[in-house]
Amino acid sequence: MSTVETRARPVVRTRRPVLVSFGRLLGSELGLTFRRPRNLAMLAVLGAVPVLIGVVLRIVTGDGAAGGPEAMLSMVAGNGLALTFASMFVLVPLLLPVTLAVVAGDSVAGEASLGTLRYLLTAPAGRTRLLAVKYANAVIFGFAVTSVVALTALVTGFLLFPAGPITLLSGSTVPLAEGLLRVLIMIGYVGVGMAALAAVALAFSTLTEVPIGAIAATVVLVVIAQVLGTIPQLSVLQPYLLTSWWGSFDGVLRDPVATGEMGEGLLAFGAYIVLFGSIAWARFGSRDVTS
Amino acid sequence: MQPQTRRGRAVRWGVPVAVVAVIGAAAGTGPVIAAVQGEPTLPERTAEQLLVEAAGTAKSGEMPPMSGTVVETASFGIPGLPQVTGESSSPLSLLSGSHEAKVWYGGDNRMRLALPGRMSETNLIVNGDQAWMYESEGNKATRIKLPADAAAQPQPPLPTAAVTPQEAAKQLLAMAAEHSTVSVTNNEQVAGRTVYQLVLAPKAAGSLVKEVRLALDGETYVPLRVQVYAKNAIEPAFEVGYSTVTFSPPAAENFTFTPPAGAKVEEITLGEAGPGKQEKEVKKEVAGMFDLVGKGWTTVAVVPFDLAKMTAGAERGEPAGAEQGERGGFDEPALAETVLKAAKQVNGSWGSGRLIETKLATALLTDDGRLLAGAVTPDVLFEAAGRK
């Protein structure tokens, strides 16, 4: 594995300003993440989903089916931009989190299982900084996946369907430029939501030396949260579940934009990031690294 | 690598523990802090003064322009009632769970009501004598024409519109007369506003209602919250109130509506045909049908009721019921059957029948074909049943 060679470089250098060395470390980390065939395959699969949805909708022209998601999909037929929101609606509950869990869950446990973690720790970078780099890497990957989905959805939508002013859920119509701005806000919101999940996966990753364990734990947690969120008797739990806030990106499709609800969502994401970030930090800083 | 001491480890783990404490405190005590800050700042008012002020606002219809989020929470404890998700905007779904609606009120008969669902939204926009309903599901716009005489007092066709605090308060004020103990507090907080809270406690022992609380904004006397507490319950059985509210004129765009491209546009006229008239007819029929026994909070409604007919209707899938079911998203005969299954078999000197108990209401189906219902204890129903 090329992991050791790539990482060996900063080790021989003398102490540099914190920011520069952080940047270098992050750069090499990102290089590894985005060159890894597994991660590229996941990006490709997720990028293909909007294309698939778009093509299916183009062939099977919907006759205005009732019901939330179906109606959302039929909206796409009228405007290509809606494909972006429809794709995100399909991917956000499970596929996107799974991708994030794989990358973030692997971050520390993967190094430990390969035996490369102790080499990384011999660098004068410090454990906190290493953890920060690992987390930043996962967050950037999360934003990248979200953007890839949005971009392929945009391209597919504009190729297969008419483009123009988009109708919001509230019934008002906004020009295309504002529609694109709303897509950007959505990417930001979903990206932060995924960053919150990345913090959870990172915390799991510091608890084990088996990467698949951390990944599976994160995915199981997501599924359990989704199930709990659908039980009406447990509706009191909903504000505390990460998964129930992910779907609130549909606030960008309202008029006016549901800033209140999305703001609350961002607060919840922030709480998750701080909580699980501190757990990862406490665990990683205090554990004996034997592999 | 420095060896980790036990103490160092403990200090490190102290950080996540502290984070949990801080987040828990922020999530849990936010309202408490707000309540503590809101020490009584309102001048003392008697219940009578307050009721007059409130009635004045309710009657004149001159509410200040405002916008906000209304949250409705109900836990009546109706046996066998299927739980429905927040996506359904059917009237029956309001009987259980929590629901949210956004309200914009611009004065001069302009208002907008939005019911958000996941990736969907239902909007009701009233602007003078024009009204539109837009459902994002199915991209359907309905133009509601109001008859000339009704234009001054638009009656929103959405059943959910009846649960805004204003409507609920009006109904409450009608009941506030001689049957209750009335008290006023002036240090409560609702949606960040200091409010007067009017507490009505029924005097009659047979009532299931412990108290009804009505919160009126300290400055504008706009009703901001209504809570109904059942006996032996800490949480309100029914609550409708603003979670956020702003008393400033909302943007004018909220009250204009043009059907979006590709939308299915329909037109209905209220008052001649359609739901409006049906409702009136039903009301007339119902009024002639039932008797009221008792007074005030312990009023019991007695309705002739043929159980066999209803069950037969359930089996045949009676057209009227089916239509209702479609509107409400429920199969109502089937629903009635599940509720009946939960009923208790009871008998006494008055005869025998089936009893359905919920937190706020009790219903008795006697075997001689009467339905007695009221917000009362079973004993009151039995007594009423014995009176004939």
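Line order of the protein sequences matches chains V and Y.
Per the working numbering, the first sequence starts with residue 183, numbered consecutively.
Per the working numbering, the second sequence starts with residue 1191, numbered consecutively.
Where is the CB? At the ideal position from N, CA and C, for every residue including glycine.
All figures in this text were calculated on a predicted structure; none of them were measured in a lab.
>> Under DSSP, the beta strand (DSSP E) around W1322 (chain Y) begins and ends at which residues?
In response: Taking the first residue of the second sequence as position 1, residue 1322 (chain Y) is located at position 132. Looking at the DSSP string, the run of the beta strand (DSSP E) that includes W1322 (chain Y) is 1320-1325.
> In its own chain, which residues sit with a C-beta less than 7 angstroms from the C-beta of S1539 (chain Y), not counting the 5 before and 5 after it?
Replying inline: In the second sequence, counting from the first residue as 1, residue 1539 (chain Y) sits at position 349. So the qualifying residues of the chain are G1576.
> Just how far apart, CA to CA, sit Y153 (chain V) and P232 (chain V)?
Replying inline: Residue 153 (chain V) is absent from the structure shown; chain V starts at 183 and stops at 473.
> Between T1263 (chain Y) and the rest of its own chain, which residues show a CB-CB distance below 6 angstroms, the 5 nearest in sequence each way excluded?
Replying inline: Reading the second sequence from its first residue, position 73 is the one you call residue 1263 (chain Y). Counting only Cβ-Cβ distances below 6 angstroms, and skipping sequence neighbours, we find S1288, E1429.
>> What does the Cβ neighbour count give for G236 (chain V), buried or exposed, with the cut at 16 atoms within 10 Å?
In response: In the first sequence, counting from the first residue as 1, residue 236 (chain V) sits at position 54. Under this definition G236 (chain V) is a buried residue.
> Going along the chain, which unbroken runs of the alpha helix (DSSP H) with 4 or more residues stay wholly within the stretch 216-294 of chain V?
Replying inline: You should have 219-241, 250-258, 264-273.
> Along chain V, which residues have their Cβ under 8 angstroms away from the Cβ of I1213 (chain Y)?
Replying inline: Position 23 of the second sequence, counting from 1, holds the residue named residue 1213 (chain Y). Against I1213 (chain Y), the close residues of chain V are A453, V456, L457, in the order they occur along the chain (beta-carbon pairs closer than 8 angstroms).
> Looking at A264 (chain V) and I394 (chain V), is the spacing between their C-beta atoms short of 8 angstroms?
Replying inline: For the purposes of this step, residue 394 (chain V) is taken as residue 212 along the first sequence, with counting starting at 1. For the purposes of this step, residue 264 (chain V) is taken as residue 82 along the first sequence, with counting starting at 1. Using a Cβ distance threshold of 8 angstroms, I394 (chain V) and A264 (chain V) do not count as a contacting pair.
>> Once DSSP output is grouped into helix, strand and coil, what is the label at Y1295 (chain Y)?
In response: Against the second sequence, residue 1295 (chain Y) aligns to sequence position 105. The answer is strand: DSSP assigns Y1295 (chain Y) an E or B state.
>> Classify P1568 (chain Y): buried if its beta carbon has 16 or more other beta carbons within 10 angstroms, exposed otherwise.
In response: Looking up residue 1568 (chain Y) in the second sequence gives position 378. Result: buried.
> Which residues in chain Y sit within 7 angstroms of A476 (chain V), going by Cβ to Cβ distance?
Replying inline: Residue coverage of chain V in this structure runs from 183 to 473, which leaves residue 476 (chain V) outside it and unanswerable.
> Rounded to the nearest angstrom, how far is the Cβ of V1418 (chain Y) from that of V1399 (chain Y), given a contact under 8 angstroms?
Replying inline: By 1-based counting over the second sequence, the position of residue 1418 (chain Y) is 228. By 1-based counting over the second sequence, the position of residue 1399 (chain Y) is 209. About 6 angstroms; that satisfies the 8 angstroms criterion.
> Taking the alpha helix (DSSP H) that Q408 (chain V) falls in, what are its first and last residues?
Replying inline: By one-based count along the first sequence, residue 408 (chain V) stands at place 226. Run containing Q408 (chain V): 393-412, per the alpha helix (DSSP H) assignment.
>> Check whether chain Y comes within 8 angstroms of I397 (chain V), counting only Cβ atoms and requiring the distance to be less than that.
In response: Here residue 397 (chain V) corresponds to residue number 215 of the first sequence, with the count starting at 1. Not closer than 8 angstroms to any Cβ of chain Y, the Cβ of I397 (chain V) fails to qualify, so no.
> Nearest to G1204 (chain Y) by CA position, among V:F466, V:D470, V:S460, is which residue?
Replying inline: Numbered from its first residue, the second sequence carries residue 1204 (chain Y) at position 14. Nearest option by C-alpha distance: V:S460.
> Since L1314 (chain Y) sits in a beta bridge, which residues does DSSP pair it with?
Replying inline: Sequence index remark: in the second sequence, residue 1314 (chain Y) carries index 124 (1-based). Per DSSP, the beta bridge partners of L1314 (chain Y) are Y:L1303, Y:M1323.
> Does DSSP classify A1563 (chain Y) as helix, strand or coil?
Replying inline: By 1-based counting over the second sequence, the position of residue 1563 (chain Y) is 373. Strand at A1563 (chain Y).
> Can the beta-carbon of L1406 (chain Y) be found less than 8 angstroms from the beta-carbon of V1385 (chain Y)?
Replying inline: Stepping through the second sequence from its first residue, residue 1406 (chain Y) is reached at position 216. Stepping through the second sequence from its first residue, residue 1385 (chain Y) is reached at position 195. Result yes, Cβ atoms of L1406 (chain Y) and V1385 (chain Y) sit closer than 8 angstroms.
> For the putative contact between A1331 (chain Y) and G260 (chain V), defined by C-beta atoms under 8 angstroms, what is the C-beta separation to the nearest angstrom?
Replying inline: Here residue 1331 (chain Y) refers to the residue found at position 141 when the second sequence is read from its first residue. Here residue 260 (chain V) refers to the residue found at position 78 when the first sequence is read from its first residue. Not a contact, Cβ separation roughly 14 angstroms.
> Leaving out five residues before and five after V1455 (chain Y) in sequence, what residues of the same chain have Cβ atoms less than 6 angstroms from its Cβ?
Replying inline: Within the second sequence, residue 1455 (chain Y) is the residue found at index 265, counting from 1. Closer than 6 angstroms at the Cβ level, and outside the excluded window around V1455 (chain Y), lie A1331, P1449.
> Does DSSP classify A305 (chain V) as helix, strand or coil?
Replying inline: Here the question's residue 305 (chain V) lines up with position 123 in the first sequence. Correct three-state label for A305 (chain V): coil.
> Which whole-angstrom value is the C-beta distance of R1300 (chain Y) and N1317 (chain Y), which I expect to be below 8 angstroms?
Replying inline: Within the second sequence, the letter at position 110 stands for residue 1300 (chain Y). Within the second sequence, the letter at position 127 stands for residue 1317 (chain Y). Right, their Cβ atoms sit about 5 angstroms apart.
> DSSP state of A1381 (chain Y), grouped into three classes?
Replying inline: Taking the second sequence and counting its residues from 1, the one referred to as residue 1381 (chain Y) is at position 191. Three-state DSSP puts A1381 (chain Y) in coil, outside helix and strand.
> Nearest chain Y C-beta to F271 (chain V) closer than 8 angstroms, yes or no?
Replying inline: For the purposes of this step, residue 271 (chain V) is identified with residue 89 of the first sequence, where counting begins at 1. F271 (chain V) belongs to the set of residues whose beta carbon lies under 8 angstroms from a beta carbon in chain Y.
>> Residues in the same chain with beta-carbon distance under 6 angstroms from A1342 (chain Y), minus the five sequence neighbours each way, listed in chain order, please.
In response: As a first step, residue 1342 (chain Y) must be located in the second sequence, where it is residue number 152. Residue confidence is low: A1342 (chain Y) scores 45 on pLDDT, short of 50, so the model does not pin down where it sits. No coordinate-derived value is stated.
>> I'd like to know if the stretch 422-434 of chain V and the stretch 447-463 of chain V are in contact, where contact means that at least 3 CB-CB pairs between them fall below 8 angstroms.
In response: Result yes; three or more Cβ-Cβ pairs closer than 8 angstroms.
> Looking at the C-beta of G467 (chain V), does it have a partner C-beta in chain Y at a distance below 8 angstroms?
Replying inline: In the first sequence, counting from the first residue as 1, residue 467 (chain V) sits at position 285. G467 (chain V) counts as touching chain Y.
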